[in-house]
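Below: one structure, written as structure tokens.
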Amino acid sequence: RVADINPGPPNSDPAYFANFNGQLFLRATGNNNAGAELWRYDPTTKLPGIADDINPGPTGSDPAFLASYNGALYFRANGDANGAELWRWNGSDAGRLTDINPGAGNANPAYMTVFNTLLYFSAKASDAQGTELWRSDGIGDSLFADINTAGDSNPSYLTVFNNALYFSAASTDGAGVELWKYDGTNA
């Protein structure tokens, strides 16, 4: 064991690991009554510590799908009255990037992956497009592909391989969930 983030028998449930600025970032629950929050492990001091209490109180922000991109750490979190949205941490402070699903609705951004200088992820907007493929340049975000025009394509497990972005998704062709590829020009 490297660290006992939540000392004693309770679990800290560490998950969604990402390297950012030479430190390991993760979601964990400590014994600080803050719920699941953004934590970091410093390999120099060999100590864990809460990076940011994004949603103060016992509920926590439940950060997930952490990805280092363009000098910041991006992730899904529920830190205000706007539901689970895309957040970023700049090394000292976290803030919501945008409200993809306006109001209290959850965009649930997931599977964040950097490809061709942009951050790609799945998310659900408030419109009828469902959960589709989105991208961000670190300033804003936009729907990239509406793969299933009749509902959710649920792009998942995004990964870069041989200069292309691969993922699973469902379209309207009746083939179910299949392997998809974006080569920088065509999906």
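Residues 24 to 210 (the numbering used here) are what the sequence shown spells out, left to right. By construction, the Cβ of each residue, glycine as well, lies at the ideal position given by its N, Cα and C atoms.
Where do the N-terminal and C-terminal ends of the beta strand (DSSP E) with residue i fall, by residue?
i             : result
lysine 147    : 141-147
lysine 204    : 200-205
proline 71    : 70-75
arginine 111  : 108-112
threonine 136 : 133-138
glycine 24    : The sequence given here has arginine at residue 24, not glycine. Run containing arginine 24: none; DSSP gives neither H nor E here.
Buried or exposed, going by whether 16 or more other CB atoms sit within 10 Å of the CB of residue i?
i                : result
arginine 172     : Per the sequence shown, the amino acid found at residue 172 is threonine instead of arginine. Per the 10 Å Cβ criterion, exposed.
serine 84        : buried
glutamate 155    : buried
glutamate 60     : buried
glycine 199      : exposed
phenylalanine 40 : exposed
Taking 6 Å as the cut-off, does the CB of residue i come closer than this to any heavy atom belonging to the ligand FMN?
i             : result
glutamate 201 : As far as ligands go, the structure on display features none, and thus does not contain the ligand FMN.
Report the CB separation of residue i from residue j in whole angstroms; it is logged as a contact under 8 Å.
i                 : j             : result
leucine 166       : tyrosine 92   : So it is not a contact: roughly 18 Å between Cβ atoms.
phenylalanine 159 : leucine 120   : The question names phenylalanine, but residue 159 in the sequence shown is serine. Confirmed, about 7 Å.
glycine 53        : arginine 63   : That pair is no contact at about 12 Å.
alanine 187       : aspartate 206 : 5 Å
At least 3 beta-carbon pairs within less than 8 Å: the region 117-137 vs the region 92-109: yes
Ranges of the beta strand (DSSP E) found wholly within the region 143-194, counting only runs of at least 3: 154-159, 164-168, 179-184, 187-193
Cβ contact check for the region 73-87 and the region 120-128: 3 or more pairs under 8 Å: Taking one beta carbon from each stretch, the region 73-87 and the region 120-128 have fewer than 3 pairs nearer than 8 Å; the two do not touch.
At least 3 beta-carbon pairs within less than 8 Å: the region 181-194 vs the region 134-143: yes
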